[in-house]
Amino acid sequence: MKLSRAAAFSSSLLLSAVLALTGAGAAQAASSSAVDYVALGDSYSSGVGAGNYDSASGDCKRTPRAYPALWAAANSPSSFAFTACSGARTTDVTANQLGPLSAATDLVSVTAGGNDAGFADVMTTCVLQSEATCIARVNEAKRYVDTTLPGRLDTMYRAIRAKAPSARVVVLGYPRFYKLDGSCIAGLTENERRAINGGSDHLNAATAKRAADHGYTFAGVAGAFTGHEICSGASWLRSVNWLNIGESYHPTATGQSSGYLPVFRATA
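What the sequence shown shows, in our numbering, is residues 2 to 269, in sequence order.
The structure is reproduced here in structure tokens:
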């Protein structure tokens with residue numbers, strides 16, 4: 002049966018739309034698969050706290066449950082290099098993690114700065130010593146963030162750009178650790194928790210400023226973790242663990258998959 006001119010026109014439009022959508026989907030898939038991705042940073046990128054560590058990564062404690070590995074598994078980039086390492090400072094990233102970067106690198110993620118600012122020592126001080134000593138240690142870390150950390154971030158960011166001149170670089174921040182007036186009935190005081198949260202915000206603000214100055218995208222995660230801090234009753238962060246102290250104050254597997262990953266996905 003012969004189609005009317007109107008019916009033929011409608012069929013033609015429908016076919017064009019289908020072809021356009023199919024082409025767009027194919028282009029998107031090709032674009033995703035063509036990405037060369039390198040994941041740099043500290044324990045928040047390697048996945049400490051999420052478990053299931055790759056034994057080959059040794060003390061770096063990289064895990065397939067960390068957001069970089071989860072993103073790579075979901076998007077099948079043409080190459081994925083995972084060099085993030087627990088305990089890394091900005092100087093360690095620059096010295097030990099940039100090997101996979103090249104002019105062909107399309108995407109880089111990085112978390113760094115917390116270890117430079119003495120995050121582990123801040124938390125140890127606050128857990129073991131007085132409120133006044135805790136708050137003084139947080140303020141000392143904030144002074145470091147104001148005076149010394151910007152230069153260290155600059156050095157690291159410049160080194161990344163020198164080796165990967167065309168890459169999109171996503172700098173991820175750190176969560177706030179405590180829900181104030183939450184469910185915790187022991188441990189740190191509210192003043193200590195408030196000071197620690199303020200220290201995290203201070204670090205994120207400084208990191209965001211340096212990232213922007215280098216043309217990088219800063220991806221804050223504090224909002225994603227809101228309602229899932231320690232003392233929330235539904236925490237995506239590990240509290241102090243005396244049996245495995247290194248995992249304390251790090252995201253759980255859910256913190257990586259439901260906190261960090263969506264934020265990175267939205268910016269990558």
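For every residue, glycine included, the Cβ atom is placed at its ideal position computed from N, Cα and C. All values reported here derive from a predicted model rather than from experimental measurement.
Alpha carbon to alpha carbon, how far is residue 160 from residue 209?
-> In the sequence shown, residue 160 corresponds to position 159, counting from 1. In the sequence shown, residue 209 corresponds to position 208, counting from 1. If I take the Cα positions, the gap works out to 17 Å.
Comparing alpha-carbon positions, which option in 127, 119 and 155 lies nearest residue 144?
-> Position 143 of the sequence shown, counting from 1, holds the residue named residue 144. The option with the nearest alpha carbon to residue 144 is 119.
Chain-order list of residues whose beta-carbon lies under 6 Å from that of residue 98 (same chain, five-residue window excluded) = Taking the first residue of the sequence shown as 1, we reach residue 98 at position 97. Same-chain partners within the cutoff: 41 and 84.
First and last residue of the uninterrupted alpha helix (DSSP H) at residue 83 = For the purposes of this step, residue 83 is identified with residue 82 of the sequence shown, where counting begins at 1. Counting along the chain, residue 83 falls outside any alpha helix (DSSP H), though it belongs to the beta strand (DSSP E) covering 80-83.
From the DSSP output, read off the bridge partner residues of residue 37.
-> Position 36 of the sequence shown, counting from 1, holds the residue named residue 37. Answer by DSSP bridge pairing, in chain order: 80.
For residue 176, the three-state DSSP class (helix, strand or coil) = Along the sequence shown, read from residue 1 onward, the residue named residue 176 stands at position 175. Coil, per DSSP.
Any chance you could list the beta strand (DSSP E) runs of at least 3 consecutive residues sitting entirely within the region 131-189, in chain order?
-> 169-173
Alpha helix (DSSP H) segments (min. 4 residues) lying fully within the region 194-257 | Here the runs fully enclosed are 223-226.
In chain order, what residues of the same chain lie with their CB nearer than 6 Å to the CB of residue 36, ignoring the 5 residues before and after it?
-> Against the sequence shown, residue 36 aligns to sequence position 35. Cβ within range, chain order: 78, 107 and 108.
Of the listed residues 173, 114, 43 and 126, nearest to residue 218 (C-alpha basis) = The residue labelled residue 218 in the question sits at position 217 within the sequence shown. Checking every option, the nearest Cα to that of residue 218 belongs to 173.
Write down the C-beta distance between residue 194 and residue 181 rounded to the nearest angstrom, noting that I regard them as a contact closer than 8 Å.
-> Start at 1 with the first residue of the sequence shown, and residue 194 comes out as number 193. Start at 1 with the first residue of the sequence shown, and residue 181 comes out as number 180. The Cβ separation is near 6 Å, so the contact holds.
What are the boundary residues of the beta strand (DSSP E) that residue 1 is part of?
-> Outside the modelled stretch of the chain, which goes from 2 to 269, sits residue 1, for which no answer is possible.
Residues of its chain near residue 87, where Cβ-Cβ distance is below 8 Å and the 5 sequence neighbours each way are ignored | Your numbering for residue 87 matches position 86 in the sequence shown. Once the five neighbours on either side are set aside, the close Cβ partners of residue 87 are 43, 44, 47, 49, 60, 61, 62 and 247.
How do the region 258-266 and the region 225-243 stand: do at least 3 beta-carbon pairs fall below 8 Å, yes or no?
-> yes
Residue 242 versus 101, 128 and 56, residue with shortest Cα-Cα distance = Along the sequence shown, read from residue 1 onward, the residue named residue 242 stands at position 241. When each option's Cα is compared against that of residue 242, the closest is 128.
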